[in-house]
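So the protein lines, in turn, are chains A and B. According to the working numbering, the first sequence is numbered sequentially starting from 1. According to the working numbering, the second sequence is numbered sequentially starting from 1001. Built from N, CA and C at the ideal position, the CB exists for glycine as well. Since we're looking at a predicted model, the values are computed, not measured. Reviewing the structure listed below.
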Amino acid sequence: MNVLIAEDNNLLRHHLVERLTGSGYQVLAAGDGREAQHLSREYTVEIAIIDLGLPAMDGFELIRSIRTDGKAFPILVLTARGNWQDKVEALQLGADDYVVKPFQFEELEARLNALLRRAAGFTRPRIEAGVFALDLNRRQAFVANELVALTAFEYRVLEYLMLHHKQTVSKEKLLVQLYGPDEERDDNVIEVLVGRLRRKLEAASGINPITTVRSRGYLFDVPCH
Amino acid sequence: MNLSIRLRLLLTASLTLGGFAILFPLSQIATFSNTLEEGELKRLAADARTVLAAAGVEKDRLVMPDAMENPRFNQLESDLIALIFDERGEVVWRSSSSRHFTPDYQPHYHRDEVVFTRLPMMDGAGDYFIHDWDVEVGDKTYSIVTGDRTTNFDSSLRTYQRQLRLWLIAGLGSLLVLLAGGLSWALRPLRRIYRQVIAVERGHMPRLEGEYPAELERLARGLNSLLAGERSRRKQYQTKVSDLAHGLKTPLAVISETCRNLPHDQRHILEDQVQRMNQLVNFHLQRAMAARPAWVITPLPLAPVLEKLCGSLDKVYHDKNIAWDVDIGATEVLVTEPEALEIFGNLLDNAFRLCLGRVQVSARAGEDSAIVRIEDDGPGVPENLRQRILERGGRADTQNAGQGIGLGLVVEMLAEMDGKLVIDDSVLGGAAFCVRLPAMAKAATSFLRH
């Protein structure tokens, strides 16, 4: 999951990168608006965190530019001022939510998850697909309400496939989600991961929900809601 | 009575013109009538002298010729008459034209004094101007009375009155048009300064511009200087607080982020302190950003502001699928847009955050205020907590994240503009936050729009 962070304070940006990477996100970090605009144009971004007080190009201008480029990914605004004029302006320009500084990382992450979930068409933090369930906030998978022990990478593959259920997801896309756009990795890594995930889910439920679409990728074949 | 300058000028001009329209024709008619009468007097005096010249004296008796030199005295149908009375009031001679003259007139003998009067005929056949002149012939005194009908005089006077009326109407009409044009021209600088003041208040212009008449030039300069000073002070205040907030908030975010590695009790203490500092910074920052300008004279239509806020919050609380409704008609209030955004942003955020699925905004207009009611179907606010949560930093919703200063900020902002916030129960089942805001008196609003 590629997150674009546009924050000019080095220390805060560093903390955000660390924490989000630790939570399994692929982070694209920019210290000013122009750099963030460039990253949003060059890479596939799933969600963006934008500080309104950026140098070179302020947050409002950056949001406007992203929406003008036709990008529809969710945008979470960070604002130090917290006044309603800024919040409303940012939301009207195309942002989807805001967090006022200083914030608890947990709050930020919960907002990120909610936005991602909303972008995927889900309204609740728990995604259900027959006997399978995913808790996006706790980052846990369940089969018939029983916790399934997954590694962080396995969980992220399952989360991405369930958020994009009924869509064929290519191996390249999954690779970018797991390792970021700049990492060179072999497709076999994904095959191994998906294989392990299938075995665990099938062992718990007796059903294999992940179908291989020949030469195109994988499909989570159970309707999610 | 607080009348507008335009109305005052129009009233004064109308009263002046009305007075003129009454007094001027009266004086003109009186003057014209006097001039005509004076002409009659002179003419009848000349006729009397003609009569005297024609008279002869024989044996102390007045003798008159059979026919007068002026043929009008000899014609039966003539309006010009002449009679001579003796001291006893007996007619001693009368002209042929006076046969039908039956006046109720007796001469008055006053030495060296001529009598000139208007005399009605006894049979109602019109009036006569009468000239009565006493002359002494030998030892006897005679009154030579000459007269003429007033028909010509009355007809001339009527014609004059009619013409005067027509000219007066035309003149007054033209004057009114000129006056209206003149007033409009004279008041143009005032209208311009008024429009510019509104433009300045709305932020469309930084200062009053252009040249003004001498009387307004100093006022415009004074206003510009006040504006510049006030704006500079407000800007300075906002910049300082904003810089302070930016300077403090990011380090606070970093501290908050770093302290997660500390043992739980230390982390708790530190986070609590960070939260307090953050609340203080937020309070002063939001207060500074919505600082009330020196004057607010333009009514702000509330509906667009509230719809903008609800639309934005609908995005933020999208998952709750909230049914919101803003039904406030054309309510206008005397606050700036940043003030309205802060006040209603905080109140609507609470409503959207705490509701189950419905938020409703309604308004009622008073004489010089408007009451806006924000209602939700959330848990409501127990009566014993209502006062406490209105104080700065007080929070009743401990289960929800928030800065905890919103309501206190709203209360403080409202106090500054003579407004009020009251918490009530809503028919939706939750809380109703009623905000009273200053509004322009209805009469004044209607005047300003014209």
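{"Asked": "Chain-order list of residues whose beta-carbon lies under 8 Å from that of A/Arg111 (same chain, five-residue window excluded)", "Found": "Leu76, Asp97, Val99"}
{"Asked": "Environment of A/Val27 [buried if 16+ CB atoms lie within 10 Å]", "Found": "buried"}
{"Asked": "Proximal residues of chain A, C-beta to C-beta of B/Glu1201 below 8 Å", "Found": "Ordered by position in chain A, no residue passes the 8 Å Cβ test against B/Glu1201, which lies about 17 Å from the chain."}
{"Asked": "First and last residue of the uninterrupted beta strand (DSSP E) at B/Cys1355", "Found": "Neither: B/Cys1355 is in no beta strand (DSSP E) and is coded neither H nor E."}
{"Asked": "Cut-off 7 Å between Cβ atoms - residues of its own chain near B/Asn1002, not counting five sequence neighbours on either side", "Found": "none"}
{"Asked": "Between the CA atoms of B/Pro1263 and A/Asp51 - distance to the nearest angstrom", "Found": "30 Å"}
{"Asked": "Residue environment, B/Gln1163, which counts as buried when at least 16 other CB atoms sit within 10 Å", "Found": "exposed"}
{"Asked": "Whole-number beta carbon distance between B/Ser1242 and B/Leu1285, since they are thought to touch under 8 Å", "Found": "7 Å"}
{"Asked": "Cross-strand partners of B/Asp1434 (DSSP beta bridge)", "Found": "Reading the sequence as shown, one finds Cys at residue 1434 of chain B and not Asp. Answer is B/Arg1373, B/Val1422."}
{"Asked": "Three CB pairs or more closer than 8 Å across the segment 1010-1018 of chain B and the segment 1040-1054 of chain B", "Found": "no"}
{"Asked": "Positions along the segment 1220-1254 of chain B whose CB lies within less than 7 Å of some CB in chain A", "Found": "Ser1242, Ala1245, His1246, Lys1249, Thr1250, Leu1252, Ala1253, Val1254"}
{"Asked": "Nearest to B/Pro1438 (by Cα), restricted to the options B/His1108, B/Leu1187, B/Val1197, B/Leu1421", "Found": "B/Leu1421"}
{"Asked": "Residue(s) in a DSSP beta bridge with A/Val176", "Found": "The partner list for A/Val176 (beta bridge, DSSP) is empty, contrary to what the question assumes."}
{"Asked": "Neighbourhood of B/Arg1149 by C-beta distance below 7 Å, restricted to the same chain and skipping five residues each side", "Found": "Asp1079, Gly1126, Tyr1128"}
{"Asked": "Inter-stretch contact (C-beta, 8 Å, three-pair minimum) for the segment 1065-1073 of chain B and the segment 1161-1175 of chain B", "Found": "no"}
{"Asked": "Within-9 Å CB hit, B/Gln1360 to chain A", "Found": "no"}
{"Asked": "Test: B/Glu1416 CB closer than 9 Å to a CB of chain A", "Found": "no"}
{"Asked": "Bridge-paired residues (DSSP) for B/Gly1056", "Found": "B/Val1063"}
{"Asked": "Cβ-based burial, B/Gln1106 [other Cβ within 10 Å; buried from 16]", "Found": "exposed"}
{"Asked": "C-alpha distance - A/Arg34 paired with A/Gly59, whole-angstrom precision", "Found": "10 Å"}
{"Asked": "Proximity winner among A/Lys87, A/His38, A/Ala80, relative to A/Ser65 (alpha-carbon distances)", "Found": "A/His38"}
{"Asked": "Whole-angstrom distance between A/Arg216 and A/Asp186, CA atom to CA atom", "Found": "16 Å"}
{"Asked": "Buried or exposed by the 16-neighbour rule on C-beta atoms within 10 Å, applied to B/Ala1351", "Found": "buried"}
{"Asked": "Under 7 Å by beta carbon: chain A residues contacting B/Pro1213", "Found": "Near B/Pro1213 there are no residues of chain A at all, since even the closest Cβ is about 38 Å away, more than 7 Å."}
{"Asked": "Reduced DSSP category for A/Pro55 - H, G, I as helix; E, B as strand; rest coil", "Found": "coil"}
{"Asked": "Cβ pair B/Met1413, B/Ala1288 closer than 9 Å", "Found": "no"}
{"Asked": "Bridge partner(s) assigned by DSSP for B/Ile1084", "Found": "B/Trp1093, B/Ile1144"}
{"Asked": "Alpha carbon of A/Gly180 to alpha carbon of A/Lys173, nearest angstrom", "Found": "10 Å"}
{"Asked": "Near-chain A residues of the segment 1302-1322 of chain B (beta-carbon distance less than 7 Å), N- to C-terminal order", "Found": "Lys1308, Leu1309, Ser1312, Lys1315, Val1316, His1318, Asp1319"}
{"Asked": "Straight-line Cα distance separating A/Arg126 from A/Glu42", "Found": "32 Å"}
{"Asked": "Straight-line gap, B/Arg1006 to B/Glu1307 (C-alpha atoms, nearest Å)", "Found": "38 Å"}
{"Asked": "Integer-rounded CB distance, given that B/Leu1407 should sit under 8 Å from B/Leu1390", "Found": "5 Å"}
{"Asked": "Interface positions of the segment 44-75 of chain A facing chain B (Cβ-Cβ less than 7 Å), listed along the chain", "Found": "Gly53"}
{"Asked": "Chain A within 9 Å of B/Glu1209, Cβ atoms only", "Found": "no"}
{"Asked": "Closest by C-alpha distance to A/Gln104, when choosing among B/Thr1035, B/Ala1046, B/Val1274", "Found": "B/Val1274"}
{"Asked": "For A/Ile47, three-class secondary structure by DSSP", "Found": "strand"}
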